[in-house]
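One structure below.
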Amino acid sequence: MNYQGLYQKSITDPESFWKEQAERLAWYKQPSTILGVDKYDYPQWFQDGKLNVSYLCIDKHIEDGFGNQNAIIYDSPVTNTKEHITFYKLHEEVSKLADGLQTLGLKKGDTCIIYMPMIPQALYAMLACARLGVVHSVVFGGFAPHELAIRINDCKPKAIITASSGIEIQRIIPYKPYVDEAIALANHKPEHVIVFDRNLGVDIPYQSYDVDYTELVSKSVAIEPVAVTSNHPLYILYTSGTTGKPKGIIRDSGGYATALKFSMKHVYGVEEGDVYWAASDVGWVVGHSYIVYGPLLNRNTTVLFEGKPIKTPDASTFWRVISEHKVKVMFTAPTAIRAIKKEDPNGEFIKVYDLSSLKYQFLAGERCDAATLSWTKQHLKVPVIDHWWQTESGWPMLANMVGVELMEVKPGSASMPVCGYDIQILNEEGIAVKAGVEGYVTVKLPLPPGCLLNLWGNPERFKSGYLSKFPGFYFSGDGGYKDEDGYVFITGRVDDIINVAGHRLSTAEMEEVVASHKAVAECAVFGVHCDLKGQKPLGLVVLKTGENHDESLISKEVIKDVRHEIGAVASLKDVLVVKRLPKTRSGKILRKLLRNISDELEYNVPSTIDDATIISEIESVYKSNQIGIHKNIINHE
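For the sequence shown, the tail end lands on 637 under full-length UniProt numbering, and the numbers increase by one without skipping.
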């Protein structure tokens, strides 16, 4: 069946379509109810089915005779380590860790935070939790203690699994001290912290709640998976919210497994036994779906990479990994390609390696510009596929479904809706707009399997954030349009979430930190264009009067504060001092106007502005700090 036929079947008869896909999994109890609703009248998939995702990722393949196949290839240029982990080995590590967690009192329905670098033990921890029905929440290792404490308070874990340290280019990151500081800050206190010592020569500050990971596993035995219902939460993954408080996305088990299995074959075009590499981090949704669960569900060998696209040791690293491990499909962010392109503009490193195994290069995490798409295609000489999805969806929403039919690639577009997603572009009144007209990107309910179930402990925020704006539709939070052929172009966020190198970050949260500086009277933080990272935050601050301020020192202090509270991932490096901020007469700061000026976009000065003369002041500050300024005529409404 071609793309259009398969897609239409998924939209016109979703129950039979997804029933057929679910039958490709080994359920303990096959679901008889394919599509139902929960107590909030929100669609639910396969409610009465029972399964275990850890079993599907490991035990099923061993039962089928593939225990000696490599499940994971761990490649760590930062530690000069490589390890091939078979399904037999994965089973031993995961099932014994699950037993260890069980002896510590963790059971089905409990929560556990995983704060780990990109090492095999991070995957073992995720799969061990899934084996017990313990709901895991992986927190990106680059987040500061304050951010970790927020998540501890929200999901109230019984235990935290961490490592002695992370390692980046010539830098050790003290994971265990960060965890201790976060627990000290948090109101909720986990019972145990399980620490894996990487033996990198760093001291591990011992606390009474600490448990040694290696000792725990060594005295444990392999245990069988625990059956859970389809809509039992597999994990909580926090994503930035416009209020500054992270939103805990709840992912189910059965729908997610069904969707990921489908996507591996139909979106990414990989078959069982193929080597697949998503160059991301387990702290993000890509890591959950396409480093861990998706490939392992589909019996692919997944590459676990601990390094960077450049400087580990150079811009050849990605191509070396593809060549050495015979990667068939790779998935990374446009930011990584831009970094490589900057270091190796003519693609000389690419020519050194045999990349004949590579069939497709996928890009996602942020909008891919045409220049990056063209450069990648020119040098890799394979189809380069830009696709779009969200933490909330858990798997692609727009893509060129190469496992079904390779269609035309249109630069700037993430291609067509993936099966199950009835994507519609609506205006403010909720009416579908014509081709070429920009509007709100929505999905008509029901969402397909695998998407978010709810928000952890906050169903009202779930409804107000995603379902209330357009009844009967899921609102993505993005703007975009469709062309005459049905290709969808995503133009960007319509709220204050910015996308820095594929990381979704809340500018509201950054503003809270900036505003806490003793010299700052008010501030605005917003995303501006960045050639390398897609977007980066820019901060404008108005200082308190009546004091002599060292503006350069204050900017440095503010940047340091944000790094400490949120982490280096925030990438706030530009904080400019201004005399005042443009506001409406009601006092709302005009952040979109500030962003458009910096990005040299055409804009209107709204009639609601309290004083239009401030625009020239802002332009002057931007220009003196070499921030792009608007060069065209300013139009007044």
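Think of the CB as a built atom: it goes at the ideal place given N, C-alpha and C, for glycine as much as any other residue. Being a predicted model, the structure only gives us computed values, none of them experimental.
For D561, there is no enclosing beta strand (DSSP E); the residue is found in the alpha helix (DSSP H) stretching over E551 to E565.
The Cβ-Cβ distance between T79 and I204 does not fall below 8 Å. Rounded to the nearest whole angstrom, the CA to CA distance from T332 to T302 is 14 Å.
Residues P145 of the same chain have their beta carbon placed closer than 6 Å to that of E181, with the five preceding and five following residues left out of the count. The stretch 305 to 342 contains, as complete alpha helix (DSSP H) runs of 4+ residues, the segments 317 to 325 (chain order). The stretch 251 to 259 makes no contact with the stretch 465 to 481: fewer than 3 CB pairs, one atom from each, lie closer than 8 Å.
Between W395 and W388, the C-beta spacing is not below 8 Å.
C-alpha of K50 to C-alpha of M416: approximately 33 Å in a straight line.
Proximity of the stretch 454 to 463 to the stretch 511 to 519 falls short of the contact definition, fewer than three beta-carbon pairs being nearer than 8 Å. The continuous beta strand (DSSP E) containing W45 extends over residues P43 to W45. A direct Cα-to-Cα measurement between G430 and V443 gives close to 12 Å. Using a Cβ distance threshold of 8 Å, I310 and A339 count as a contacting pair. Runs of beta strand (DSSP E) with 3 or more residues, each lying fully within the stretch 381 to 405, are found at 384 to 386, listed in chain order. The residue from H232, V542, T214 and A399 with its alpha-carbon nearest to that of F46 is H232.
Under DSSP, the beta-bridge partners assigned to H192 are A159. When the beta-carbon positions are compared, A122 and V282 come within less than 8 Å of each other. Here H188 has I152, N153 and K156 as same chain residues with Cβ atoms under 6 Å from its own Cβ, once five neighbours each way along the sequence are excluded. Per DSSP, the unbroken beta strand (DSSP E) holding L363 starts and ends at Y360 to L363.
In this structure, V402 keeps its C-beta atom at 8 Å or more from the C-beta atom of G567. Counting only the Cα atoms, E93 lies some 11 Å from I223. Counting along the chain, R367 sits inside no alpha helix (DSSP H), nor does DSSP assign it H or E at all. Pairing A519 with H564 gives a Cβ-Cβ distance that is not under 8 Å. Of the candidates A336, R595, L380 and D574, L380 places its Cα closest to the Cα of V352. Contact check for C419 and H266: beta-carbon distance about 7 Å, within the 8 Å limit, so the pair qualifies. Residue environment for N52: buried (at least 16 other C-beta atoms within 10 angstroms of its C-beta).
Residue state for H503 is assigned as strand, using DSSP reduced to three classes. A residue is called buried when at least 16 other Cβ atoms come within 10 angstroms of its Cβ; G436 does not meet this threshold and is exposed. Looking at I58, V577, R591 and I554, the one whose alpha-carbon comes closest to that of Y293 is I58. When the Cα atoms are used, P471 and M397 turn out to be separated by approximately 20 Å. Under the three-state reduction of DSSP, Q102 is assigned to helix. Between E509 and Y3, the CB-CB gap reaches or exceeds 8 Å. With a beta-carbon spacing of about 15 Å, I169 and T81 fall beyond the 8 Å limit used to define contacts. Taking P177 as the centre and dropping the five residues before and after it, the same chain places the C-beta of P205 closer than 7 Å to its C-beta, in chain order.
With respect to V285, T391 sits close: the two C-beta atoms are nearer than 8 Å. For the 8 Å CB-CB criterion, R595 and F526 form a contact. Judged by DSSP secondary structure, I618 falls within the alpha helix (DSSP H) whose first and last residues are I614 to S624.
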